[in-house]
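Novice:
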Amino acid sequence: MRNLRKELTPEEQKSAAKALKINISQVIKDPKNARVGTYISNDGEPSLDYVFQWLWQNKATPFLPILHPFTQVHLLFQRYEENSPMTTNRYGILEPELNCSHVSPVAALDFILTPLVAFDSQGNRLGMGGGYYDRTFAQIPPDASHRPKLIGVAHQCQHLDALPVASWDVPLDYIVTPERIYCPHR
Ligand SMILES: Nc1ncnc2c1ncn2[C@@H]1O[C@H](COP(=O)(O)OP(=O)(O)OP(=O)(O)O)[C@@H](O)[C@H]1O
Ligand SMILES: [Mg+2]
Numbered sequence: 034m035r036n037l038r039k040e041l042t043p044e045e046q047k048s049a050a051k052a053l054k055i056n057i058s059q060v061i062k063d064p065k066n067a068r069v070g071t072y073i074s075n076d077g078e079p080s081l082d083y084v085f086q087w088l089w090q091n092k093a094t095p096f097l098p099i100l101h102p103f104t105q106v107h108l109l110f111q112r113y114e115e116n117s118p119m120t121t122n123r124y125g126i127l128e129p130e131l132n133c134s135h136v137s138p139v140a141a142l143d144f145i146l147t148p149l150v151a152f153d154s155q156g157n158r159l160g161m162g163g164g165y166y167d168r169t170f171a172q173i174p175p176d177a178s179h180r181p182k183l184i185g186v187a188h189q190c191q192h193l194d195a196l197p198v199a200s201w202d203v204p205l206d207y208i209v210t211p212e213r214i215y216c217p218h219r
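Each residue of the sequence shown is one higher than the last, beginning at 34 in this note's numbering.
Next comes the structure, spelled out in structure tokens:
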């Protein structure tokens, strides 16, 4: 699945990124003041560059994941601005330099856009195998009155009919591709 997305041409990636922005704006219908977890693309993942511009223009606040400096196995979500100082983490992925005053509790985010390796129509998500997103989502209290909507972002070629599910896997509320919007639980 990773090879499939890495084989997409720059032109295909660009048109995918544009179409994704349009479809994500159908899911995040009211972006003003929304707190949105995002990611910087890597490994052929769809780029969110158009989504960042759309969020900033519409007064939403994007947050980027940072590998947790102490636990090493969770993600912190930190506010991302166009001029945020950035660094490269141990996977070679860009992340903002840690600034604790700009970190949001994960449960306080309204939406989290997650990359993935494969997804199915039931909302199951296969990640890169680190368990970072699953461990971080497990911190959201199950009885919380406010829970972030989890939105998987993928190329259409990352869709499979069914995926194996582990007890710790947290299902997605939506999956958005350049072609489609999946709402598995509605
Ligand atoms: N809530 C959790 N608490 C403790 N360990 C966990 C939790 N969630 C996942 N893990 C551990 O992480 C490992 C990797 O999980 P999994 O294979 O589901 O990764 P993934 O979903 O592909 O990765 P990611 O979440 O980073 O995208 C599992 O073997 C499991 O031991
Ligand atoms: Mg998982």
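Note that the Cβ used here is the ideal one computed from N, Cα and C, for glycine as well.
If you measure from the CB of aspartate 206, is any heavy atom of ligand 1 nearer than 6 Å?
Specialist: The count along the sequence shown starts at 1 and reaches residue 206 at position 173. The answer is no for aspartate 206.
Novice: Any idea what DSSP makes of histidine 107, helix, strand or coil?
Specialist: Here the question's residue 107 lines up with position 74 in the sequence shown. The answer is coil: DSSP assigns histidine 107 none of H, G, I, E or B.
Novice: With DSSP as the reference, identify every bridge partner of methionine 161, one or two as the case may be.
Specialist: On the sequence shown, position 128 is the one that residue 161 refers to. Answer is none; methionine 161 lacks a bridge partner.
Novice: Should leucine 97 and glutamate 128 be called a contact, given that it needs their Cβ atoms to be closer than 7 Å?
Specialist: Start at 1 with the first residue of the sequence shown, and residue 97 comes out as number 64. Start at 1 with the first residue of the sequence shown, and residue 128 comes out as number 95. In contact: leucine 97 and glutamate 128 (Cβ atoms closer than 7 Å).
Novice: If you reduce the DSSP assignment to three classes, tell me which class alanine 195 lands in.
Specialist: By 1-based counting over the sequence shown, the position of residue 195 is 162. Of the three classes helix, strand and coil, the one that applies to alanine 195 here is coil, per DSSP.
Novice: Within 6 Å: the Cβ of arginine 213 and any heavy atom of ligand 1?
Specialist: Position 180 of the sequence shown, counted from the start, is the residue given in the question as residue 213. Result no, Cβ not under 6 Å from ligand 1.
Novice: Only counting runs of 3 or more residues, tell me where the beta strand (DSSP E) segments fall wholly within the stretch 109 to 154, in order along the chain.
Specialist: Complete beta strand (DSSP E) runs here, min 3: 119 to 121, 127 to 129, 144 to 147.
Novice: Out of Leu146, Gln111, Ser154, Asp153, which one is the CA nearest neighbour of valine 136?
Specialist: Start at 1 with the first residue of the sequence shown, and residue 136 comes out as number 103. The residue with the shortest Cα to Cα distance from valine 136 is Gln111.
Novice: Work out the CA separation of leucine 149 and cysteine 133 for me, nearest whole Å.
Specialist: Position 100 of the sequence shown, counted from the first residue, corresponds to residue 133. Position 116 of the sequence shown, counted from the first residue, corresponds to residue 149. Straight-line Cα distance between these residues: approximately 27 Å.
Novice: Do the stretch 149 to 159 and the stretch 190 to 207 make contact, defined as three or more Cβ pairs closer than 8 Å?
Specialist: Because the criterion of three Cβ pairs below 8 Å is met, the stretch 149 to 159 and the stretch 190 to 207 touch.
Novice: What three-state label does DSSP hand proline 174 in the structure shown?
Specialist: For the purposes of this step, residue 174 is identified with residue 141 of the sequence shown, where counting begins at 1. Proline 174 falls in the coil class under three-state DSSP.
Novice: Which partner residues does arginine 68 have in the DSSP bridge list?
Specialist: To locate residue 68, count along the sequence shown from 1; it is residue 35. Partner(s): Thr94.
Novice: Are the beta-carbon atoms of valine 203 and valine 186 separated by less than 7 Å?
Specialist: By one-based count along the sequence shown, residue 203 stands at place 170. By one-based count along the sequence shown, residue 186 stands at place 153. No, these two residues do not count as a Cβ contact at 7 Å.
Novice: Does the beta-carbon of tyrosine 166, which I'm using as the reference point, lie nearer than 6 Å to any heavy atom of ligand 1?
Specialist: Start at 1 with the first residue of the sequence shown, and residue 166 comes out as number 133. Yes, the Cβ of tyrosine 166 comes within 6 Å of a heavy atom of ligand 1.
Novice: Who are the near neighbours of alanine 93 in its chain, counting only those whose CB is closer than 6 Å to its CB and skipping five residues on each side?
Specialist: Your numbering for residue 93 matches position 60 in the sequence shown. Correct list, in chain order: Pro64, Ala67, Val69.
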